[in-house]
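Asks: Protein chains in written order, with this note's numbering: chain A, 1 to 275; chain B, 1001 to 1241. No residue lacks a Cβ here, since even glycine has one placed at the ideal position from N, Cα and C.
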Amino acid sequence: MLRKLIKYDIKSISRVFIPMWILTPIVALMLSFSIRGMSTWTQNIISSGFMVAGNGILMMVMMLLFFGIMVGFFVMTILFTIQRFWNGLLKEEGYLMFTLPVKVWELIVSKAITATIVSCISILVGIFSSMILAVFSTDEFITSLAYAWKYMFGVVWKIDARFIVNFILCIILFIVMLVENVYHVYTAMAVGQLWQEHKILGSCLSYVGISMIVSILGNVMETIFVEISPWDWDFYINEYMDVIYLLILLFISVMQVLIYHVITERILSTKLNLE
Amino acid sequence: MDKMLIQCQDVWKRYGNKEALRGLNLQLEGGKIVGLLGPNGSGKTTLIKVLNGLLQPEQGLVLIDGETPGLYTKSLISYLPDKPYFSGWMKVNDLFELFEDFYADFDRAKAEQMCKVLQIDSNLRMKTLSKGTKEKVQLILVMSRKAKLYLLDEPIAGVDPAARDYILTTILNNYNPEGTVLISTHLISDIERVLDEVIFIQNGQVIRQELVDDIREKEGKSVDELFREVFRTIPYGGGAW
């Protein structure tokens, strides 16, 4: 059943996101050619100080335009993630979804998986589009990138087993933290829908409240485990600092996801408050 | 007791300080068309939501076919809410596909045939349909299931008399004869002719449950007349019609 739910959630978002994922790199490509074209044009004209300054301003406008598009792109991703949960489960559509013969956790997990997939693809498209813009707008970028690559992997990092483990851990951690953020929003909405009126305000306040609780708990845990614990952390930190640090962050994020999930599932199972 | 399709014992449901169901008791056998009748705010919609698992009662026991509301009971119940529950982007065909995916008892051929008769293009998106057509699609979806229990919440409220006839005829022609249809409404005269049994609900409690034939025989009244008598309120300034 979870597979079927994901199929419908993917279908619901694909009509908005697939055109956006296709359009953003195309816009980046067009912008990069515009930048290159203007650059060549100004170089061919008498190189007056005025023209050089004008070119710089136009370049800046183009970059700002692209930056605006990218910000809009990510804001839309976040808003759509919120909207699919809010409208899909907590408004009229909830009458359909919560009467389907599926478990409540399946409804939530389906939304979370879809939101995570969408966010990951959007981030990749964002990175890809930025690369397109950089690569095609100037010739220097590839040279600089190759130099940076050589420097980072030749001098700063050594590609060995430990590097690969860290790299994989970083990617897993990134995805889990993404899920954690998605769930944070879901839990806030689940709490907010309990309000009889002003449910959106309730959700926003819940989001802030949950953030504060997480922050306080984080400080308490840090005090307990780092400052007053009898363990000799220094030994581990010196020897396996990177791996241990990543594993601790991963553990904390996974626990947060689990806690958010249980709270959201319990609220929607026992205290669903559809309008 | 075993034959009972619906059993409610001392069911309480509150919204904040307001008690919507107040120790409600109900037992209902299968294979009937039953009217859940009561004035606005009497607890009809809340009872239906409790039966289909959308709401959890604070207290009391609810059993559908011997099981508490959950996966099994949701697969038995075909629910028509009192408002459209569609996502605007979905086409009518998408909804058929969804129902086919999740409900084993959904008869897609029947649904498509009903759409054809009503000249509803199943390739249209829900957001492009009129309110009345949306309601018809919702009714088609609900009545194309061979469900054990149909919970229809105010299916004829807010529609013109011709549409009421269409809705009632669709229900009568398409429900699973082995199943039970529970129709909540306060428009008694329109629905009376199709009912086998009526449940009167007031202030979150069942105050009367009787076969329609018994009402006619014993009281010599129609259900509509009995309803008006039971739920009569004295207008401000006195007098009555």
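Which one of A:Ile-200, A:Val-257, A:Ser-269 has the shortest CA to CA distance from Ile-82 of chain A?
Replies: When each option's Cα is compared against that of Ile-82 of chain A, the closest is A:Ile-200.
Asks: Along chain B, which residues have their Cβ under 7 Å away from the Cβ of Tyr-8 of chain A?
Replies: Within chain B, the residues near Tyr-8 of chain A are Leu-1098.
Asks: Can you check the region 1105-1176 of chain B for any beta strand (DSSP E) of at least 3 residues that lies completely inside it and give the ranges in chain order?
Replies: DSSP runs (the beta strand (DSSP E)) wholly in the region 1105-1176 of chain B: 1149-1153.
Asks: What residue range does the alpha helix (DSSP H) around Ile-1191 of chain B cover?
Replies: That run of the alpha helix (DSSP H) goes 1188-1191.
Asks: Please go through the same chain and pick out, in chain order, the residues whose beta-carbon is closer than 6 Å to the beta-carbon of Met-1126 of chain B, but skip the five residues on each side of it.
Replies: The residues are Phe-1086, Gly-1088, Met-1090.
Asks: Can you name the residues of chain B whose CB is closer than 7 Å to the CB of Arg-266 of chain A?
Replies: By Cβ distance, chain B contributes nothing, its closest Cβ being about 11 Å from Arg-266 of chain A, past 7 Å.
Asks: Can you check whether the CB of Leu-107 of chain A is closer than 8 Å to the CB of Leu-96 of chain A?
Replies: Taking 8 Å as the Cβ cut-off, Leu-96 of chain A and Leu-107 of chain A do not qualify as a contacting pair.
Asks: Find the residues of chain A that neighbour Gln-1056 of chain B, judging by a C-beta separation of less than 8 Å, and give them in chain order.
Replies: Within 8 Å Cβ-Cβ: Ser-269, Thr-270, Lys-271, Leu-272.
Asks: Given a threshold of 16 other Cβ atoms within 10 Å of its Cβ, counted over all protein chains shown, does Met-1001 of chain B qualify as buried or as exposed?
Replies: Residue placement at Met-1001 of chain B cannot be trusted, given a pLDDT of 46 that sits under 50; what the coordinates show is reported in the next sentence. Exposed, because fewer than 16 other Cβ atoms sit within 10 Å of the Cβ of Met-1001 of chain B.
Asks: Taking all protein chains shown into account, decide if Glu-180 of chain A is buried (16 or more other Cβ within 10 angstroms of its Cβ) or exposed.
Replies: Its Cβ being crowded by 16 or more others within 10 Å, Glu-180 of chain A is buried.
Asks: I'd like to check one pair, Leu-272 of chain A with Leu-1055 of chain B: are the Cβ atoms closer than 8 Å?
Replies: Cβ atoms of Leu-1055 of chain B and Leu-272 of chain A: closer than 8 Å.
Asks: Out of curiosity, what's the CA-to-CA distance linking Val-262 of chain A and Val-214 of chain A?
Replies: Roughly 16 Å separates the two Cα atoms.
Asks: Is there at least one Cβ from chain B nearer than 8 Å to Pro-19 of chain A's Cβ?
Replies: Pro-19 of chain A does not count as touching chain B.
Asks: Val-208 of chain A: buried (16+ other C-beta within 10 angstroms of its C-beta) or exposed?
Replies: Burial call: exposed.
Asks: Are the region 1186-1205 of chain B and the region 1013-1023 of chain B in contact at 8 Å, needing three or more beta carbon pairs?
Replies: Cβ pair count under 8 Å is three or more, so yes.
Asks: Tell me, which residues are paired with Trp-1012 of chain B by DSSP?
Replies: DSSP, once it has assigned bridges, lists B:Arg-1022, B:Gln-1059 as partnering Trp-1012 of chain B.
Asks: Taking the alpha-carbon of Leu-246 of chain A as reference, which of A:Val-135, A:Ile-168, A:Met-63 has the nearest alpha-carbon?
Replies: Of the listed residues, the one whose Cα sits closest to Leu-246 of chain A is A:Ile-168.
Asks: From what residue to what residue does the beta strand (DSSP E) around Thr-1180 of chain B run?
Replies: Segment 1180-1185, the beta strand (DSSP E) holding Thr-1180 of chain B.
Asks: Please report how far the alpha carbon of Trp-1241 of chain B lies from the alpha carbon of Thr-1045 of chain B, in whole angstroms.
Replies: Only weak support is given to the placement of Trp-1241 of chain B: the predicted model assigns it a pLDDT of 48, under 50, and the value that follows is read from those uncertain coordinates. Using only the alpha carbons, I get a separation of about 28 Å.
Asks: Grouping DSSP H, G and I as helix and E and B as strand, with all else coil, what is Lys-1032 of chain B?
Replies: If DSSP states are grouped into helix, strand and coil, Lys-1032 of chain B belongs with coil.
Asks: Go ahead and pull the three-state DSSP assignment for Met-1004 of chain B.
Replies: In the structure shown, Met-1004 of chain B sits in a strand (DSSP, three-state: E or B).
Asks: Can you give me, in chain order, the residues of the region 77-110 of chain A that have a beta carbon less than 8 Å from any beta carbon in chain B?
Replies: Cβ contacts with chain B: Asn-87, Gly-88, Glu-92, Glu-93, Gly-94, Tyr-95, Leu-96, Phe-98, Thr-99, Leu-100, Pro-101, Val-102, Lys-103.
Asks: Can you give me the start and stop residues for the alpha helix (DSSP H) that Ile-1215 of chain B sits inside?
Replies: Per DSSP, Ile-1215 of chain B belongs to no alpha helix (DSSP H) and is neither H nor E.
Asks: Return the residue from the list A:Val-118, A:Leu-5, A:Lys-11, A:Thr-138 that minimises the CA-CA distance to Ser-32 of chain A.
Replies: That would be A:Thr-138, whose Cα lies nearest to the Cα of Ser-32 of chain A.
Asks: Take the Cβ of Thr-1169 of chain B as the centre, count every other Cβ of all protein chains shown within 10 Å, and call the residue buried at 16 or more, exposed below.
Replies: Exposed, by the Cβ-count rule.
Asks: List, in order along the chain, the chain B residues whose C-beta lies closer than 9 Å to that of Lys-199 of chain A?
Replies: The contacting residues do not exist; Lys-199 of chain A stays about 14 Å from chain B at best.
Asks: Going along chain A, which residues have a C-beta under 7 Å from Asp-1101 of chain B?
Replies: The contacting residues are Lys-4.
Asks: Using C-beta distances below 7 Å, list every residue in its chain close to Tyr-1175 of chain B, excluding the 5 sequence neighbours before and after it, in chain order.
Replies: The answer, listed in chain order, is Met-1143, Tyr-1150, Val-1181.
Asks: So with CB distances below 7 Å, who are the chain B contacts of Ser-12 of chain A?
Replies: Ordered by position in chain B, the residues that pass the 7 Å Cβ test against Ser-12 of chain A are Ser-1087, Trp-1089.
Asks: Taking C-alpha atoms, which residue in A:Leu-23, A:Ser-110, A:Val-71, A:Phe-98 lies nearest to Val-182 of chain A?
Replies: For Val-182 of chain A, the nearest C-alpha among the options comes from A:Ser-110.
Asks: For the alpha helix (DSSP H) holding Leu-133 of chain A, just list the boundary residues, first then last.
Replies: Run containing Leu-133 of chain A: 104-137, per the alpha helix (DSSP H) assignment.
Asks: Where do the N-terminal and C-terminal ends of the alpha helix (DSSP H) with Val-179 of chain A fall, by residue?
Replies: First-last of the alpha helix (DSSP H) with Val-179 of chain A: 161-192.
Asks: Three-state secondary structure (DSSP) at Ser-1087 of chain B?
Replies: Three-state result, Ser-1087 of chain B: coil.
Asks: Under 8 Å: do the region 1031-1042 of chain B and the region 1061-1076 of chain B share three or more Cβ pairs, one atom per stretch?
Replies: Too few Cβ pairs lie closer than 8 Å, so no.
Asks: Return the first residue and the last residue of the beta strand (DSSP E) that Leu-1080 of chain B is part of.
Replies: Here the beta strand (DSSP E) through Leu-1080 of chain B covers 1077-1080.
Asks: DSSP three-state call for Glu-93 of chain A: helix, strand or coil?
Replies: Glu-93 of chain A falls in the helix class under three-state DSSP.
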